[in-house]
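A.B. asks: Residues 719 to 1556 (this note's numbering) are what the sequence shown spells out, left to right.
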Amino acid sequence: MNVIPLSDAAADLATAGGKGASLARLARAGLPVPGGFCVTTGAYRDFVSRDGLHEEITRAVTGLPADRAARRIAELFAGREVPAETAAEILAAHAKLGDDVPVAVRSSATAEDLPGMSFAGQQDTYLNVRADGLVAAVARCWASLWTERAIAYRTGQGVPHDDVALAVVVQELVPADAAGVMFTADPVTGARDRIVLNASWGLGEAVVGGLVTPDTLVVDRSTGEVAEERVADKTVMTVRTAGGTREEPVPDGLRRRPVLDRALAVRLARLGEEIEELYGAPMDVEWALHDGTLHILQARPITGLRRRVEEWNDTVRGDYLWTSANLGEAIPDVMTPCTWSVVRLFITEAMSASALPGFDLVGNIGGRFYMNLSVMHSIAAALGMKGRLGATEQVFGRLPPGLDVPPLPASRWEIIRAVLPLAFTLRRRVRVNLARMPAFLATARERNARLRGRIAATTSPGELAALWEGELLPYLVEACRALEAAGRQGGATLVMTRDRLRRLVGEIDAEALLTGAGADGELASLGPIVGLGRLARGEIDRETFAREYGHRGPHEFELSVPRPGEDPGWIDAQLAAMSGAEDREEKLLTRRREAGEAAWRRFGERFPRKVAAMRRRVARWNAVVRDREAARSEVIRAFWAVRDLVLRAGELTGRGGDLFFLSIQEVVALLRGDESPLDQVEVRRATYERYAALPAYPTLIVGRFDPERWAADPDRRRDLFDARGGGVPVSETVTGFPGAPGVVEGTARVIDSPEDGDRLASGEILVTTLTNIGWTPMFPRAAAVVTDMGAPLSHASIVARELGIPAVVGTGNATMRLRDGDRIRVDGERGTVEVLTA
């Protein structure tokens, strides 16, 4: 598809360029963006792929000076027609806007409007374009990717020319009475408490192009009022004409008249605050005013602000293979420093078995959580256990064929000497913690409630620090150790039991026999949908839901994000999505239990002498799964208590949310009177915002990785980044692990985040990068589930099997190959997805 609506969920950086992706984000957030559409980068690539144009461009830009290259490329573009099918799509989309609506046609490059690289003004814009000139304007925008100025700017920024493509944004032209630019931070001083507005008469081109000295107003964020106002002598304005636009003198009566009154300036500043909150960064916003209504024309991060940042990037430590599968699914966000510090503590206590002195098992890559698979593979190789890596695939997913795992820079004997003592220590540790686990799980909920109550009641920083050190930290450590013990108590039970059943009765009956882990004790992963169903049917009240289930959610590890139990809006949204199907999850679970009973009858008929032993084995399977899920749930409940402590620390010290940008150790130091960590807040906030503005990184990363450069690459992959070059080709087919058996045909609904879950209609197929427990309320509506990330023991597989929903997980490329609205067939037994109609 060469043309997409402006608000389309597919309008990302690679498809719609920086400007298009930004406008789509604004439109989806409900901000007042004029209607329109985007001619995608795919249309540009199709145009330049014909008749050797791309090769001619490459020869010019690599073999000629920038000025001569620009002239040569302009001649090449001028001599070619836009493909007829693309032209037809453009005109059809324009016709949907109305009867020959005048539009603005703006270039939108893939290396544009990124943090630190705005590329503003490097490509062209055409105003007041009608249908008869629209296709030609699009072609001129494409050609402007190769102006001398654009070539030189990319060269100076170190952006390879082969990596760029151009989309074109077409929007209804606002017949502006006035227009201008707004900065949500002072562009000169960098002050974040000032919103600076520039305003002039007519269209905004006179302001953006520097042809007029505009009025300047400054709105103070703390008071919400205009703090400064300078009315300029505005001599020139841009106006519409029959054939485009022109500059003309401002009428004498308007030259020294204020463009914005103070009330309108405050309204505009509030829009700016909404936009900044949406992006998580100070913004440069172009706006227009017509008949008293404000319109947002463009928004990009402010470049050039003097904000120091850190580098959060553990790929610089060595050439390793990193994965965000499994635990990365549970921690899908860019982490605040406080969260990362507690996650590291969690890993130390809950995954000591995989540790290797001298090498980091986990890493922070651009603020996101990754695990170092080179550690696990190197340990397996040193111990002669490479054949056991199949069990690792069950947890972390299958590696692409042909991908070599970089080994650790250590000899086999160095690894063995380091690992063997840890193995003996681990056996003792697991035995002790396994014995303690039942008592811990039996009392954890009440212990958590008591601790949270005491945190809320603390009256001094010192008292809160003592509570952390004396009670909350030991409780968190005990929860993590219980999870480690629960996960290791079955040894190879989880993998071997499934494999044995598959050999005996096949995939479908094997999964039917293994599901029902919650039959004699609710499986924690199903908690949110079971709890919401009970709430919707009036069996429990909201307070009970919050107490029993409110700790689990899509961002449950991130300490700065409210839990569902704190957020009535989250509960309302989930209940609204369930409307009319309040008992659907009960019906699915009942149907699954019946399927399991039927499978046991067939098993008994075929293997009457093996029934008793297999029932014991499956009961052991279910117990291991339940214990692991229950322990994980209690870890998350403990994280909620840690969140409460940081919030209370913010209240007692008067620093509020600043404390999420300190480590938990620094928070405690602050409570003890050491204020020096506060010096790091601003730089860490800036670093967090820098990384949070980027799309989620690939599941697998090999070697040194630059998040910003990867985000600007139009050919970036979500599945794999390999700094060694070459790499594994993207599969043309969509295949993965059989997550849950069954065959379903339906409409694919590609969803990027659980907050967009209301887009999934009942009976559609959920296609997404990953799921965690926060996605669980969507599962009863889904006919099937397909994910990029995942493995047989990941969240999507476990919940889909329990509900009897077909699932294919760990495809690596589903969101790259499947489009929203495609008709697809999902075969959860074979692990395949087939596109029927696009």
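We put the CB at the ideal spot given by N, CA and C, even for glycine.
1. Run the CB neighbour count on E1196, radius 10 Å, all protein chains shown included, and call it buried at 16 or more, exposed below.
2. My output table needs one value for E830: the three-state DSSP class, helix, strand or coil.
3. Find out if the Cβ-Cβ distance for the pair V1422, T1033 is shorter than 8 Å.
4. Give me whichever residues DSSP pairs with D1538 in a beta bridge.
5. In whole angstroms, give me the CA-to-CA distance for L986 and L749.
6. For the beta strand (DSSP E) that contains A885, what are its first and last residues?
7. Excluding sequence positions up to five away, which residues of its chain have a Cβ less than 7 Å from the Cβ of R1442?
8. Just the C-alpha distance for D842 and T865, rounded to the nearest angstrom, thanks.
9. Using a Cβ-Cβ cutoff of less than 6 Å, which residues in the same chain neighbour V1461 once the five nearest sequence positions on both sides are dropped?
10. To the nearest angstrom, how far is the alpha carbon of L1201 from that of E1187?
11. Per DSSP, L1081 forms a beta bridge with which residues?
12. To the nearest angstrom, how far is it from the Cα of Y1267 to the Cα of E1352?
13. When you compare only the Cα positions, how much space is there between L1363 and R1355?
14. Buried or exposed for L1138, going by 16 or more other Cβ atoms inside 10 Å?
15. Since P897 and G735 are thought to touch, with beta carbons under 8 Å apart, how far apart are those beta carbons, to the nearest angstrom?
16. Strictly by DSSP, which residues pair up with E1303?
17. By a C-beta neighbour count over all protein chains shown, 10 Å radius and 16 as the cutoff for buried, is E1473 buried or exposed?
18. Report the rounded CA-to-CA distance for R824 versus R872, giving the unit in angstroms.
19. Measuring alpha carbon to alpha carbon, tell me which of A732, T1054, A728 ends up nearest E1276.
20. Roughly how many whole angstroms lie between the Cα atoms of R1310 and V1003?
21. Report the residue from L891, P878, V882 whose alpha carbon sits nearest the alpha carbon of L1557.
22. Considering Y1193, what are the terminal residues of the alpha helix (DSSP H) in which it resides?
23. Suppose you measure from the CA of S706 to the CA of G1391; what does that come to, to the nearest Å?
24. In chain order, what residues of the same chain lie with their CB nearer than 6 Å to the CB of A822, ignoring the 5 residues before and after it?
25. What's the call for D726, buried or exposed, on a 16-neighbour Cβ count within 10 Å?
26. Report buried or exposed for T1215, applying the criterion of at least 16 other Cβ atoms within 10 angstroms of its Cβ.
27. What's the gap between the Cα of A739 and the Cα of A1203?
28. Taking only three categories from DSSP, how would you classify S1243?
29. Under 8 Å by Cβ, that's how I've got M1001 and I1020 pegged, so tell me the actual separation to the nearest angstrom.
30. For D817, which three-state DSSP category applies?
31. Around the C-beta of P1156, are 16 or more other C-beta atoms found within 10 angstroms, so that it is buried, or is it exposed?
32. Taking just the CA atoms, how far does G1224 sit from A827?
33. Drop a sphere of 10 angstroms on the beta-carbon of I1247, count the other beta-carbons inside from all chains shown, and report buried for 16 or more, exposed for fewer.
34. Could you check what DSSP says for F755 in three-state terms: helix, strand or coil?
35. Tell me, please, which residues DSSP counts as bridged to D1440.
36. Could you tell me if L1554 is buried or exposed, where buried requires 16 or more neighbouring beta carbons within 10 angstroms of its beta carbon?
C.D. replies: Answer, in terms of the structure:
1. Buried, because 16 or more other Cβ atoms sit within 10 Å of the Cβ of E1196.
2. Here the model assigns E830 a pLDDT of 48, short of 50, so the residue's position is not dependable and the matter cannot be decided.
3. The question names Val, but residue 1422 in the sequence shown is Arg. Taking 8 Å as the cut-off, the beta carbon of R1422 is found closer than this to the beta carbon of T1033.
4. None; D1538 has no bridge partner.
5. Their Cα atoms are separated by approximately 12 Å.
6. 884-890 is the span of the beta strand (DSSP E), which, as asked, contains A885.
7. Excluding residues up to 5 positions away in sequence, V1420, G1421 lie with their Cβ nearer than 7 Å to the Cβ of R1442 in the same chain.
8. Their Cα atoms are separated by approximately 9 Å.
9. Once the five neighbours on either side are set aside, the close Cβ partners of V1461 are D1545.
10. One C-alpha to the other measures close to 21 Å.
11. Per the sequence shown, residue 1081 should be read as Gly rather than Leu. DSSP output for G1081 lists Y1088 as bridge partner(s).
12. Here the alpha carbon of Y1267 sits roughly 11 Å from the alpha carbon of E1352.
13. Distance between the alpha carbons of L1363 and R1355: 13 Å.
14. So L1138 counts as exposed.
15. Note that residue 897 corresponds to Ala in the displayed sequence, not to Pro. Between G735 and A897 the Cβ distance is about 22 Å, and since that is not below 8 Å, they are no contact.
16. Per DSSP, E1303 has no beta bridge partner at all.
17. Under this definition E1473 is an exposed residue.
18. The alpha-carbon separation between R824 and R872 amounts to approximately 19 Å.
19. Closest option to E1276, judged by alpha-carbon separation, among A732, T1054, A728: T1054.
20. In a straight line, the C-alpha of R1310 is about 53 Å away from that of V1003.
21. For residue 1557 there is no data in the structure shown, the boundaries of the chain being 719 and 1556.
22. Run containing Y1193: 1191-1206, per the alpha helix (DSSP H) assignment.
23. In the structure as shown, the chain starts at 719 and stops at 1556, and residue 706 therefore has no counterpart that could be examined.
24. Around A822: L845, Q889, L891.
25. The C-beta of D726 has 16 or more other C-beta atoms within 10 Å across all chains shown, which makes the residue buried.
26. Buried, since its Cβ has 16 or more Cβ neighbours within 10 Å.
27. Here the alpha carbon of A739 sits roughly 46 Å from the alpha carbon of A1203.
28. In the structure shown, S1243 sits in a helix (DSSP, three-state: H, G or I).
29. With a Cβ gap of about 6 Å, M1001 and I1020 count as contacting.
30. Coil.
31. Flag for P1156 reads exposed.
32. So the alpha carbons of these two residues sit roughly 51 Å apart.
33. Under this definition I1247 is a buried residue.
34. Strand, per DSSP.
35. DSSP, once it has assigned bridges, lists V1420 as partnering D1440.
36. So L1554 counts as exposed.
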